[in-house]
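So the sequences go chain by chain: Z and E. Heads up: the first sequence is residues 0 to 225, going by numbering that gives the first Met the number 0. Heads up: the second sequence is residues 0 to 95, going by numbering that gives the first Met the number 0. No residue lacks a Cβ here, since even glycine has one placed at the ideal position from N, Cα and C. These numbers come from a predicted model, not from an experiment.
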Amino acid sequence: MECLHLIPGWFVGLNILLKIILLIFTGVIAYYSLKIYRLSNQKELKFFGLAFSFLSISYFITVWINIFFLSIAGSNIRALDIDDIIGIKNLAVALYILFYMLSFITLFYITLKSKNLKIYALLIFLSIIAITFSYDKSLMLYLIPSIFLILVTYYYITQYLASKNKNTLLVSIAMAVLLVSNLCMISIPNCILPSRYVFSAFLEIIAYSLIVFSLFRILKNGKKTR
Amino acid sequence: MEKKRDRLEVIRDILRVIQTGSGKIKPTQILYKSNLSHGMMKDYIKDILSIGLAKETHSKEGRTYSITEKGLKYISEYKTIINFMDSFGLVPNEKE
């Protein structure tokens, strides 16, 4: 049995609520991106929409995991672990990992500005191989997205410096906050600090709120100029 | 950075030309009003038709184009499309 992360007992209910909010936030971003894609046929919009759809699906699965599959790991502490037996719980955890990774791989692929889908396939393949054969899946689950997030954050900062667009600045900050949120999870040594999960969860909410706020500004501006 | 924005802008301009043609506009009129080469206009028209922003009709008068609901939506949402792409760093590669 391998522990992916620990959650304080008091936080489980609140965590479900936070993940539902994240599911909605990421779903809204995906919806607008794909809606604009259908009008313009710009492939970057399709991938951006896909990245946030994957995130939304991963949060949907997290909600179910938090409701049904957390085990008791001590007094007032719950754990998400991978059993040795193949079952629904392991399938749910595997799907969560897959969609979570896919979202950051897709975001990173957008920043490459490549038309070559083989690169995208290679990124997915290597990431899955790395996590499947890793002895510490908890570490890899947050380390791989963190590496992608470092590059994505750098990309958005350079985009902001070139354009001085306030919305891009908000997205840059959001990506940096998301990176810190992931790094917090990496630094948990063998799941002994469940309070870090709480901190990481709140950082996630801040990050996606900033992105949704940017989206709100874009839509508001679009209505004004119509 | 500018090239793809130009693509979206050119599509909007062509759609505006089609829109002013009161439902029936010939390719020659689009060519004249959109200030594009024949080859480029053909590519853009192909793009516009494949997305469903306009539709082509064959009649005795020849080929004519009319704007669709989706095309009208494109014109009205154009600013949002550009802002969305700029804000989220979705500007495509210059080489495309």
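Residue range 26-33 is occupied by the alpha helix (DSSP H) that includes proline 26 (chain E). Here the alpha carbons of tyrosine 31 (chain E) and glutamate 55 (chain E) stand approximately 18 Å from one another. Residues of the region 38-55 of chain Z with a Cβ closer than 9 Å to any Cβ of chain E, in chain order: Leu38, Ser39, Asn40, Gln41, Lys42, Glu43, Leu44, Phe46, Phe47. The DSSP-derived three-state label of serine 36 (chain E) is coil.
Buried is the label assigned to isoleucine 130 (chain Z), since at least 16 other Cβ atoms lie within 10 Å of its Cβ. Near chain E, meaning a CB-to-CB distance below 8 Å, no residue of the region 117-129 of chain Z qualifies. Within the same chain, and ignoring the five residues on either side of leucine 7 (chain E) in sequence, no residue has its Cβ closer than 6 Å to its Cβ. Taking C-beta atoms as the reference points, serine 55 (chain Z) and phenylalanine 87 (chain E) fail to come closer than 9 Å.
Residue contact check for arginine 216 (chain Z) against chain E: a CB pair falls below 9 Å.
When Cβ-Cβ separations below 9 Å define contact, lysine 78 (chain E) makes contact with chain Z. Under DSSP, lysine 72 (chain E) takes part in no beta bridge, so it has no partner. Contact check for phenylalanine 68 (chain Z) and valine 197 (chain Z): beta-carbon distance about 19 Å, past the 8 Å limit, so the pair fails to qualify. The three-state reading of DSSP puts isoleucine 85 (chain Z) in coil, since its state is none of H, G, I, E or B. Interface annotation for the region 104-115 of chain Z against chain E: Ile109, Thr110, Lys112, Ser113, Lys114, criterion Cβ-Cβ distance under 8 Å.
Under the 8 Å Cβ criterion, the region 25-33 of chain Z does not count as touching the region 72-80 of chain Z, having fewer than three qualifying pairs.
Listed along the chain, the chain E residues whose CB falls inside 9 Å of the CB of isoleucine 35 (chain Z) are Glu76, Thr79, Ile80, Phe83, Met84. In the pairwise beta carbon analysis, the region 113-133 of chain Z is classified as not touching the region 47-54 of chain E: fewer than three pairs are separated by under 8 Å. Pairing valine 170 (chain Z) with cysteine 183 (chain Z), the inter-Cα distance amounts to about 20 Å.
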